[in-house]
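Engineer:
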Amino acid sequence: MSGSYIPLLILFGVSLVNALGMVVVSHILSPRRPTPQKSMAYESGMIPLGDTRLRFSVKFYMVAISFIVFDLETIFLIPWAVEMRELGWSAFVAVSIFVAVLAFGLVYEWKKGGLEWD
Amino acid sequence: MDPIAGVPLLVSTSLKIAIMFGVVMLTVAYTTLAERRISAFIQDRLGPNRVGPFGLLQPIADGLKNLIKEEADPGTASKFYFLLGPVLAMGPALVTFAVVPFAAPLPTPWGVVDMIIADVPIGILYILALSSLAVYGIVIGGWASNNKYAFLGALRASAQMVSYEVPLGLSLIVVFMMAGNVTLTGIVWEQQQLGFWFAFPLSLGFILFVVSAFAETNRLPFDMSEAESELITGFHTEYSAMKFSMFFIAEYAHMLTASALMATLFFGGWDLPGTWDNAYWYQGELIRGFDASGAPMAAAPAVWKTLLTFAAFAAKTGFFLLLYIWVRWTVPRFRYDQVMELGWKVMLPTALAYLMVVSATILVLDQVGISGFYFGLALTGVSAICTVAFVFFLDRGRIMVGAAAPRHGRVGPRPTFGRGAMSSEGATTGD
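Going down the list, the protein sequences come from chains A and B.
Per the numbering used here, the very first residue in the first sequence carries number 1; after that it's consecutive.
Per the numbering used here, the very first residue in the second sequence carries number 119; after that it's consecutive.
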């Protein structure tokens with residue numbers, strides 16, 4: 001079955017060449033007349049104030065951490081889901097406990113305010 | 119009939135890749151035109167209708183214009199990452215289509231050709247893996263622009279896309295349970311065997327998938343990364359000419375893949391509605407089903423079947439593309455905190471609960487010994503109850519409320535002023 005991955009590799013190559021080609025071709029074809037105003041970062045017509053790379057809300061880290069937990073849960077559930085009908089009730093009980101633990105974690109995060117945005 | 123092998127396989131695969139790549143690019147180009155035309159019709163305008171008959175050459179004119187237009191690169195941008203952003207956005211977007219079967223197998227003098235680029239055993243996991251790379255293009259592009267709007271757009275996009283990846287994955291798990299397989303060909307086959315499109319026995323899963331897919335592709339009502347009225351155009355504010363086009367192509371390619379997935383996972387893929395005529399590789403044989411004694415019956419692939427099933431697939435995918443456009447010009451944008459609330463407080467718990475309900479139902483039905491048509495019917499009933507309950511509870515406004523409604527219920531009252539996604543006004547976690 002590993003042979004079926006070869007078309008994917010070819011497709012990756014085609015897609016990459018296509019994407020890079022677009023950048024290169026437009027770079028060759030397009031004119032280039034930079035002025036100080038043109039190469040200024042856009043800030044609704046004002047001269048940009050301060051630096052962009054400032055600190056941002058910690059909420060985004062919270063989302064990222066929660067994502068890792070629950071995305072891993074999804075990954076763990078996939079093998080069980082595929083074989084669920086063969087594995088039967090014992091696996092169902094095991095998965096129920098697994099899901100219940102994570103659901104408890106979600107409720108805890110919710111009640112602690114980790115999911116609030118304002 | 120034998121599968122195609124050797125040199126003809128190489129030729130057919132190369133042809134399929136070339137044709138599919140061209141068709142995807144063309145579909146993307148014409149979806150942009152359809153979007154502009156349909157939005158115009160919805161708003162009682164005409165839309166672009168000057169270039170060619172009915173404006174049909176507009177996408178080509180747009181492409182040419184973007185190719186030869188001057189690129190205004192911001193001087194303060196990080197040059198390398200600024201270039202890497204659109205390449206990373208567009209590269210993966212155009213390869214996800216490879217594992218979607220788009221027609222019944224085609225018989226040729228050299229053997230049977232599968233109408234799929236690569237029927238890999240990992241199937242849909244490949245699409246999940248590659249489509250989640252989309253967030254890198256957006257984040258790197260937005261960060262490298264060194265523009266505050268772009269940065270905020272990229273930040274929002276990253277949080278939103280990872281948030282909705284979880285319900286997206288969980289809504290797929292019910293499909294895996296029904297199909298016992300993660301390949302899309304297997305999922306199509308199981309739907310035909312059951313005689314039910316999964317949209318009926320797994321209706322709530324379908325709803326969760328559609329909503330998550332809208333959020334994953336950053337389409338309205340979830341276009342937080344662009345949000346024209348708040349962030350100019352969000353993460354691609356600094357991009358112009360071809361690099362902007364590339365983000366645009368990537369977005370529409372993701373839409374196309376998501377539409378094809380909705381059609382394949384929940385609406386039978388390439389099957390003709392009602393015919394349930396199969397063609398599936400089972401232990402080296404192309405079969406259309408099992409007879410009463412369990413022996414496989416050989417399938418009868420035909421050219422006209424391939425053409426008709428491709429038309430069916432195109433019609434289903436086109437319908438969901440239309441749905442994307444229709445929703446965009448009908449539903450207003452969410453506020454950012456509402457997007458995150460919907461993702462974490464509604465979609466995630468619902469998906470988890472629904473997953474357990476479906477798996478318990480399937481096990482009970484298996485235990486009782488119900489199979490075939492009544493299996494599908496029973497599951498349809500259970501899912502319909504779940505869907506009605508979901509809509510009912512969402513409508514109560516306990517977890518999420520509209521912007522105009524007063525805040526009530528479990529989360530406590532909210533201040534009515536100074537409400538911003540990035541500001542903090544004390545804890546609102548009171549019970």
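For each residue, glycine too, the CB sits at the ideal point set by N, CA and C.
Looking only at C-alpha atoms, which of A/42, A/10 and A/34 sits nearest to residue 189 of chain B?
Structural biologist: Each of A/42, A/10 and A/34 was checked against the Cα of residue 189 of chain B, and the nearest Cα belongs to A/34.
Engineer: Should residue 211 of chain B and residue 354 of chain B be called a contact, given that it needs their Cβ atoms to be closer than 8 Å?
Structural biologist: no
Engineer: Can you find a CB in chain B that lies within less than 8 Å of the CB of residue 85 of chain A?
Structural biologist: At least one chain B Cβ lies under 8 Å of residue 85 of chain A.
Engineer: Going by beta-carbon coordinates alone, are residue 77 of chain B and residue 452 of chain B separated by less than 8 Å?
Structural biologist: Past the boundaries of the shown model lies residue 77 of chain B; chain B is included only from 119 to 549, so the question cannot be answered.
Engineer: Are residue 255 of chain B and residue 171 of chain B closer than 8 Å when you measure CB to CB?
Structural biologist: no
Engineer: Residues of chain A with CB under 8 Å from residue 192 of chain B, in chain order?
Structural biologist: 39, 40, 41 and 42
Engineer: Could you compute how far the alpha carbon of residue 259 of chain B sits from the alpha carbon of residue 387 of chain B?
Structural biologist: Between the alpha carbons of residue 259 of chain B and residue 387 of chain B lies a distance of about 34 Å.
Engineer: What are the uninterrupted segments assigned as alpha helix (DSSP H) that are 4 or more residues long and contained completely in the stretch 310 to 364 of chain B, given in chain order?
Structural biologist: 321 to 334 and 346 to 349
Engineer: Just to confirm the assignment, what range does the beta strand (DSSP E) spanning residue 414 of chain B have?
Structural biologist: First-last of the beta strand (DSSP E) with residue 414 of chain B: 414 to 416.
Engineer: Grab me the residues of residue 196 of chain B's own chain with a C-beta within less than 6 Å of its C-beta, minus the 5 sequence neighbours each way, in chain order.
Structural biologist: 262
Engineer: Taking the alpha-carbon positions, what's the residue 114 of chain A to residue 65 of chain A distance?
Structural biologist: 11 Å
Engineer: Please report the straight-line C-alpha distance between residue 332 of chain B and residue 219 of chain B, rounded to a whole angstrom.
Structural biologist: 22 Å
Engineer: If contacts are defined as beta-carbon pairs under 8 Å, then residue 41 of chain A and residue 264 of chain B qualify, I think. What distance do you get, rounded to the angstrom?
Structural biologist: 6 Å
Engineer: For the beta strand (DSSP E) containing residue 399 of chain B, list its first residue and its last residue.
Structural biologist: 398 to 400
Engineer: When DSSP labels each residue in this structure, what does residue 404 of chain B get in the three-state scheme?
Structural biologist: strand
Engineer: Pick out whichever of B/334, B/489 and B/485 has its Cα sitting closest to the Cα of residue 461 of chain B.
Structural biologist: B/334
Engineer: Output, in chain order, the set of chain B residues within a Cβ distance shorter than 9 Å of residue 108 of chain A.
Structural biologist: The contacting residues do not exist; residue 108 of chain A stays about 12 Å from chain B at best.
Engineer: Once the 5 residues before and after residue 117 of chain A are set aside, which same chain residues still bring their CB inside 7 Å of it?
Structural biologist: 59
Engineer: Can you name the residues of chain E whose CB is closer than 9 Å to the CB of residue 78 of chain A?
Structural biologist: No chain E appears in this structure, whose protein chains are A and B.
Engineer: Should the stretch 168 to 183 of chain B be regarded as contacting the stretch 466 to 474 of chain B, the criterion being three or more beta carbon pairs within less than 8 Å?
Structural biologist: no
Engineer: Taking C-beta pairs closer than 8 Å, name the residues in chain A that residue 458 of chain B reaches, listed in chain order.
Structural biologist: 63, 115 and 117
Engineer: Please decide whether residue 104 of chain A counts as near chain B, where near means a Cβ-Cβ distance under 8 Å.
Structural biologist: no
Engineer: Report the neighbours of residue 22 of chain A on chain B: residues whose CB is nearer than 7 Å to its CB, in chain order.
Structural biologist: 360 and 364
Engineer: Inspect the CB distances between the stretch 315 to 323 of chain B and the stretch 489 to 508 of chain B and report whether three or more fall short of 8 Å.
Structural biologist: yes
Engineer: Quick check: what's the CA-CA separation for residue 330 of chain B versus residue 289 of chain B?
Structural biologist: 9 Å
Engineer: The stretch 222 to 240 of chain B: which residues have C-beta closer than 7 Å to a C-beta of chain A, in chain order?
Structural biologist: 235, 236, 237, 238 and 239
Engineer: What would DSSP say about residue 230 of chain B, mapped onto helix, strand or coil?
Structural biologist: strand
Engineer: Taking Cβ positions only, does residue 526 of chain B come closer than 8 Å to chain A?
Structural biologist: Only weak support is given to the placement of residue 526 of chain B: the predicted model assigns it a pLDDT of 49, under 50, and the value that follows is read from those uncertain coordinates. Not one chain A Cβ lies under 8 Å of residue 526 of chain B.
Engineer: Is residue 121 of chain B helix, strand or coil when you go by DSSP?
Structural biologist: strand
Engineer: Who are the Cβ neighbours of residue 175 of chain B in its own chain at under 6 Å, not counting the five residues just before and after it?
Structural biologist: 169
Engineer: Please state the DSSP three-state secondary structure of residue 128 of chain B.
Structural biologist: The answer is helix: DSSP assigns residue 128 of chain B an H, G or I state.
Engineer: How big is the Cα-Cα spacing for residue 223 of chain B and residue 237 of chain B?
Structural biologist: 12 Å
Engineer: Using 8 Å as the cut-off, can you tell me whether the stretch 345 to 353 of chain B makes contact with the stretch 4 to 21 of chain A, which would need three or more C-beta pairs spanning the two stretches below that distance?
Structural biologist: no
Engineer: Are the CB atoms of residue 445 of chain B and residue 338 of chain B within a distance shorter than 8 Å?
Structural biologist: yes
Engineer: Please report the distance separating the alpha-carbon of residue 413 of chain B from that of residue 282 of chain B.
Structural biologist: 43 Å
Engineer: Would you check if there are 3 or more beta carbon pairs closer than 8 Å linking the stretch 120 to 131 of chain B to the stretch 140 to 150 of chain B?
Structural biologist: No, they do not touch.
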